[in-house]
Amino acid sequence: MSVLIYTENEDGKFKKTALEVASYAKEVADMLGTTVTAVSINGGDSSELGAYGVDKVLEIKNDKLTAFNVKAYADVIKQAAKKEGVKVIVVSSTANSKFLAPLLAVHLDAGYASNVVALPESVSPFKIKRTAFTNKAFNITEMSSDVKIIGLSNNAFGLKENSGAALVEVYQPTLSDKDFTVEVTAVDRATDKVSIADAEIVVSGGRGLKGPENWGMIEELADVLGAATACSKPVSDMGWRPHAEHVGQTGKPVASNLYIAIGVSGAIQHLAGINASKVKVVINNDPEAPFFKAADYGVVGDAFEVVPKLIEKLKEFKANNA
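The sequence shown begins at 1261 in our numbering and counts up one residue at a time.
This is the structure we're talking about:
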């Protein structure tokens, strides 16, 4: 009857989202008076999960599961859920988990609540808080299904360490050829950069930068802050930056703790994709730019003057507080 979580990893290292899901599941398990069990597929050191509240890890090592395959992964987690007799499953809001959760819900005849931003308001009945209308509002969803799947929004809960160790059980689910009707032939990654999905800080640039040759200051500011770089849709459409960096309603959603927009006017589609960010800062020389209405902090000024000075001050601050 434990709470089950799926812990994503990249090249064997657990993602920050996996540790956040573990932290959240621990609190849910405490509310239900039960424990947390994690499914780790070709993951790393399972003891790391124990530090975030996981009591038991079902450790799966299988070369066929090296690349994410939604059919196979859903089948594996379904078998784990039935084995453990779980009623609550928690996943993250990464692209893979959003792909996985609906299929898993069908397998288990479960209810699925996406975009969850807080612990359950009550567990009997089971009521959960979610964002709605592209993060412009909240709703309280009551889940009446026997099995419930919670999709936790990235950076909504944070990491909470717990003292404890996880019991590791080697688990070998049954896999069939039907699980591999879709074959992953290649995976391309930006290996030297902070992932937008995992980043706590995102620095984004728009057409106000005038050309790709001026992107150096965006990358330098991101480097100083340990941030991911992003861009608006027009920038990626013009080929200034790769489409993988395009954030917004039609690109990647961003739920960072700090989002800095430089030379981005703030079209409604862009704002819809970054509204979940906790603090939004805009730097733009147009005081009428729509982004200023959505921002927590705004600087009206020339980015080519403001950003270098900001970088200089941040470097100075880091040097004095090293």
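Ideal Cβ positions, reconstructed from N, Cα and C, are used throughout, including at glycine.
Note that the structure is predicted; figures quoted are calculated from it, not measured.
May I ask you to list the residues that DSSP assigns as paired with residue i?
{"i": "A1373", "result": "I1410"}
{"i": "I1543", "result": "I1522, V1559"}
{"i": "V1661", "result": "Residue 1661 cannot be examined here, being either before or after the span of the chain that is shown, 1261 to 1582."}
{"i": "V1348", "result": "V1263, K1408"}
{"i": "K1396", "result": "K1396 is not bridged to any residue."}
{"i": "E1429", "result": "L1318"}
Find out if the Cβ-Cβ distance for the pair residue i, residue j is shorter than 8 angstroms.
{"i": "G1476", "j": "V1524", "result": "no"}
{"i": "M1261", "j": "V1314", "result": "no"}
{"i": "D1556", "j": "V1566", "result": "no"}
{"i": "L1485", "j": "L1368", "result": "no"}
{"i": "L1360", "j": "V1351", "result": "yes"}
{"i": "V1444", "j": "A1327", "result": "yes"}
{"i": "I1337", "j": "L1364", "result": "yes"}
{"i": "T1267", "j": "L1309", "result": "yes"}
{"i": "E1429", "j": "K1316", "result": "yes"}
{"i": "G1468", "j": "K1408", "result": "no"}
{"i": "A1425", "j": "S1307", "result": "yes"}
{"i": "S1300", "j": "S1353", "result": "no"}
{"i": "D1458", "j": "K1342", "result": "no"}
{"i": "E1421", "j": "A1298", "result": "no"}
{"i": "V1348", "j": "V1288", "result": "yes"}
Could you check what DSSP says for residue i in three-state terms: helix, strand or coil?
{"i": "A1504", "result": "helix"}
{"i": "L1485", "result": "helix"}
{"i": "M1477", "result": "helix"}
{"i": "S1464", "result": "strand"}
{"i": "N1269", "result": "strand"}
{"i": "K1538", "result": "coil"}
{"i": "K1286", "result": "helix"}
{"i": "V1514", "result": "coil"}
{"i": "V1299", "result": "strand"}
{"i": "T1434", "result": "coil"}
{"i": "L1379", "result": "coil"}
{"i": "I1456", "result": "coil"}
{"i": "L1363", "result": "helix"}
{"i": "K1389", "result": "strand"}
{"i": "A1490", "result": "strand"}
{"i": "L1318", "result": "strand"}
{"i": "M1291", "result": "helix"}
Would you kindly work out how many angstroms separate the C-alpha atoms of residue i and residue j, rounded to a whole number?
{"i": "N1517", "j": "V1462", "result": "8 angstroms"}
{"i": "D1323", "j": "G1526", "result": "44 angstroms"}
{"i": "K1389", "j": "I1265", "result": "19 angstroms"}
{"i": "I1522", "j": "I1400", "result": "35 angstroms"}
{"i": "T1510", "j": "V1263", "result": "33 angstroms"}
{"i": "A1515", "j": "P1502", "result": "20 angstroms"}
{"i": "G1558", "j": "N1535", "result": "15 angstroms"}
{"i": "V1383", "j": "A1334", "result": "25 angstroms"}
{"i": "A1416", "j": "S1537", "result": "9 angstroms"}
{"i": "G1561", "j": "N1375", "result": "35 angstroms"}
{"i": "I1543", "j": "F1552", "result": "9 angstroms"}
{"i": "V1296", "j": "I1571", "result": "43 angstroms"}
{"i": "D1406", "j": "V1539", "result": "37 angstroms"}
{"i": "Y1519", "j": "P1513", "result": "12 angstroms"}
{"i": "A1549", "j": "C1491", "result": "16 angstroms"}
{"i": "K1216", "j": "G1304", "result": "There is no way to answer for residue 1216, as the model of the chain reaches only from 1261 to 1582."}
{"i": "A1340", "j": "S1496", "result": "41 angstroms"}
{"i": "E1402", "j": "F1577", "result": "47 angstroms"}
{"i": "N1302", "j": "A1278", "result": "13 angstroms"}
{"i": "L1427", "j": "D1437", "result": "31 angstroms"}
{"i": "N1581", "j": "F1440", "result": "52 angstroms"}
{"i": "A1488", "j": "S1455", "result": "6 angstroms"}
{"i": "E1480", "j": "H1506", "result": "18 angstroms"}
{"i": "G1533", "j": "L1292", "result": "33 angstroms"}
{"i": "F1564", "j": "S1357", "result": "39 angstroms"}
Could you tell me if residue i is buried or exposed, where buried requires 16 or more neighbouring beta carbons within 10 angstroms of its beta carbon?
{"i": "L1419", "result": "exposed"}
{"i": "S1404", "result": "exposed"}
{"i": "Q1432", "result": "exposed"}
{"i": "N1329", "result": "buried"}
{"i": "H1530", "result": "buried"}
{"i": "G1508", "result": "buried"}
{"i": "G1499", "result": "exposed"}
{"i": "V1281", "result": "buried"}
{"i": "I1528", "result": "exposed"}
{"i": "T1256", "result": "The structure shown does not extend to residue 1256, since the chain is modelled only from 1261 through 1582, so no value can be given for it."}
{"i": "G1471", "result": "exposed"}
{"i": "G1411", "result": "buried"}
{"i": "P1568", "result": "exposed"}
{"i": "D1271", "result": "exposed"}
{"i": "F1393", "result": "exposed"}
{"i": "E1319", "result": "buried"}
{"i": "S1423", "result": "exposed"}
{"i": "A1373", "result": "buried"}
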